[in-house]
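Numbering (UniProt numbering), first residue to last: 1 to 445.
Notes follow once the structure below has been shown.
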Amino acid sequence: MERALEVQVLARESIKPAYPTPQHLRNFKLSLMDQINFPVYVSTIFLYKADNNVRAEQMSQRLKSSLSKTLTKFYPFAGRVKDDFSIECNDEGAEYVEALANGFLFEYLQKPDQNLLRDFHPFNYAESPVASNGCPMLRIQATFFKCGGLAITICTCHKLIDGVSLGIFVNSWTTTARADNKEVVPRFVASTIFPASESFVPLPLHISPVQANRFVFDTKKIDQLRAKVSSASVPRPSRVEALTALIWKCARAASRSNLGYSRPSLSVHAMNVRAVAETPLPDNSVGNSVAYLTAQASEKEAETLQDLVCSFRKAKADFSRNGLKNLLENKSIFDIPQSIKAKFEKDEVDFYTFSSIVNFPYYEVADFGWGKPVHVTLPNYVLSNLIIIMDTNDGKGIEVLVTLSPEDMAFFERDQELLAFAAINPPVLDVSIRKNESPLLISSL
1 MERALEVQVL
11 ARESIKPAYP
21 TPQHLRNFKL
31 SLMDQINFPV
41 YVSTIFLYKA
51 DNNVRAEQMS
61 QRLKSSLSKT
71 LTKFYPFAGR
81 VKDDFSIECN
91 DEGAEYVEAL
101 ANGFLFEYLQ
111 KPDQNLLRDF
121 HPFNYAESPV
131 ASNGCPMLRI
141 QATFFKCGGL
151 AITICTCHKL
161 IDGVSLGIFV
171 NSWTTTARAD
181 NKEVVPRFVA
191 STIFPASESF
201 VPLPLHISPV
211 QANRFVFDTK
221 KIDQLRAKVS
231 SASVPRPSRV
241 EALTALIWKC
251 ARAASRSNLG
261 YSRPSLSVHA
271 MNVRAVAETP
281 LPDNSVGNSV
291 AYLTAQASEK
301 EAETLQDLVC
311 SFRKAKADFS
321 RNGLKNLLEN
331 KSIFDIPQSI
341 KAKFEKDEVD
351 FYTFSSIVNF
361 PYYEVADFGW
371 GKPVHVTLPN
381 YVLSNLIIIM
391 DTNDGKGIEV
401 LVTLSPEDMA
411 FFERDQELLA
421 FAAINPPVLD
431 VSIRKNESPL
441 LISSL
């Protein structure tokens with residue numbers, strides 16, 4: 001495991017909304033989707049090359065002042081979760097930390113191991129990402145590298161904020177920071193479409209030792225994989241379908257090698273349901289609007305990539321017919337098939353969670369005025385069997401962040417079928433970035 005870069009905290013404060021939240025908005029109602037979602041913080045880190053035209057002090061002031069203005073519109077983000085039904089919008093603010101890393105940006109970009117970034121969080125995220133009642137909804141750390149590069153870590157409470165909501169927030173924050181005339185205004189309407197319930201089924205959270213790695217697929221390899229997994233049933237699989245099948249198959253093989261026998265397997269896949277709800281939500285709707293479709297695989301060792309793609313495609317078709325209706329009736333985020341439920345409850349099933357943020361405009365919207373990020377990553381230190389699929393920084397390839405038990409990862413990252421298509425954690429940029437870096441001078445932040 002790579003040693004974390006040393007980080008010195010320079011300042012810690014709360015950034016409050018520029019204008020107080022009106023009294024009639026101070027009790028924010030959660031939706032059923034909020035109630036049944038993961039009670040954790042999700043960390044997203046945006047990394048930027050140095051901009052010699054902007055000093056660190058200027059960056060710092062721009063970030064804080066624009067955040068304060070943005071929180072006026074995103075007022076629940078400055079509040080605190082009160083209970084299972086509401087957020088108290090008390091303007092206590094977002095936690096904001098400024099820090100200095102004893103290292104250079106190229107050290108990470110040459111080997112983007114998330115363990116290097118363990119201390120780039122405003123709290124002990126690597127030990128426990130649990131979001132408890134009363135904690136900040138938004139926790140941010142701006143970490144300056146010696147070279148002038150910058151990492152902005154945004155930890156969002158999943159009790160309200162899903163991936164789309166984060167994108168809307170970042171777009172609004174950066175638009176404000178650039179003093180752009182375009183205004184990004186959120187809509188908080190999810191609780192009217194998905195009303196909260198007294199009988200919701202909370203999602204259990206399992207924290208365990210994990211090993212993470214990053215696998216990058218270029219366009220040529222993705223095309224080859226799509227051709228390999230195509231079949232008469234699914235002649236034109238999508239990029240995400242093809243990659244999901246490959247990762248799922250190799251993860252199952254790793255589990256089988258580790259345990260010495262095969263187990264049935266479930267893979268659940270996050271879906272944005274804003275557009276498919278009975279009353280569609282607007283694109284700028286902020287709040288959890290994520291449901292999970294469930295694909296199933298048997299204990300058969302000979303299950304092919306084509307089989308898994310078909311299983312995934314069938315799960316999507318089943319969900320489109322009645323998945324959201326079942327979720328709202330059962331008030332549970334996962335729909336576990338009855339045929340496997342007993343084994344699932346005994347932890348006798350390999351269970352994988354997939355989340356695709358392919359085509360999310362994180363690189364495009366995250367320009368505060370000193371350029372787009374050179375890399376975006378989502379570290380995970382404690383949640384096992386989680387797979388995140390996202391675009392590479394050039395928008396051409398796809399990188400997959402895989403977190404498994406250390407025992408399973410030892411087999412997974414040596415799987416020859418996987419390695420025929422994936423590069424293991426290649427550099428984000430070539431070493432020439434190092435030549436262009438200059439020392440960072442910080443008088444006082």
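By construction, the Cβ of each residue, glycine as well, lies at the ideal position given by its N, Cα and C atoms.
| Query | Result |
| --- | --- |
| Contact check, N213 vs M409 under 8 Å by CB: the rounded distance? | 6 Å |
| On the criterion of 16 or more Cβ atoms from any shown chain inside 10 Å, does G149 qualify as buried, or is it exposed? | buried |
| Are the beta-carbon atoms of G163 and N272 separated by less than 9 Å? | yes |
| Within 10 Å of its beta-carbon, does R252 have 16 or more other beta-carbons around it, so buried, or fewer, so exposed? | buried |
| Which runs of the beta strand (DSSP E) at least 3 residues long sit entirely within the region 231–289? Give them in chain order. | 265–272 |
| Could you tell me the distance, in whole angstroms, from the CA atom of V40 to the CA atom of L378? | 13 Å |
| Might you give, ordered along the chain, the residues of its own chain that have their beta carbon closer than 6 Å to the beta carbon of S231, omitting 5 neighbours on each side? | Q306 |
| Just the Cα atoms here: how many angstroms apart are I398 and I222? | 8 Å |
| Inspect the beta-carbon positions of I152 and T143 and report whether they are closer than 9 Å. | yes |
| Which residues share a DSSP beta bridge with T44? | I154 |
| Sorted by chain position, which residues of the same chain lie with C-beta nearer than 7 Å to P112's C-beta, five sequence neighbours on each side aside? | R214, H375, T377, N425, V428 |
| Tell me where the alpha helix (DSSP H) around R313 begins and ends. | 305–318 |
| If I measure Cβ to Cβ from S68 and keep anything under 8 Å in the same chain, skipping five residues before and after, which residues do I get? | I15, K16, P17, A18 |
| Sort F421, S262, S405, F412 by Cα distance to S208 and report the nearest one. | S405 |
| Pick helix, strand or coil for T392, following the three-state DSSP scheme. | coil |
| Let's test the definition: count the other Cβ atoms within 10 Å of the Cβ of R3 and tell me whether it reaches 16, buried, or not, exposed. | exposed |
| Using the DSSP secondary-structure output, state which residues sit across from S14 in a beta bridge. | E95 |
| I'd like the list of long-range same chain contacts for K73, defined as Cβ closer than 7 Å, with 5 residues on each side in sequence excluded. | S172, V185, P186 |
| At which residues does the alpha helix (DSSP H) containing residue 447 begin and terminate? | Here the chain comprises residues numbered 1 to 445, so residue 447 is not present and cannot be evaluated. |
| Excluding the 5 residues preceding and the 5 following A422 in the sequence, name in chain order all residues of the same chain whose CB lies nearer than 7 Å to its CB. | F215, V216, F217 |
| Using the beta-carbon count (16 or more within 10 Å), is S191 buried or exposed? | buried |
| Considering Cα atoms alone, identify which of L386, L401, L166, N385 is closest to K392. | The question names Lys, yet the displayed sequence has Thr at residue 392. Selected option, being the one with the closest Cα: L401. |
| Quick one: using the 10 Å Cβ neighbour count with 16 as the cut-off for buried, is Y261 buried or exposed? | exposed |
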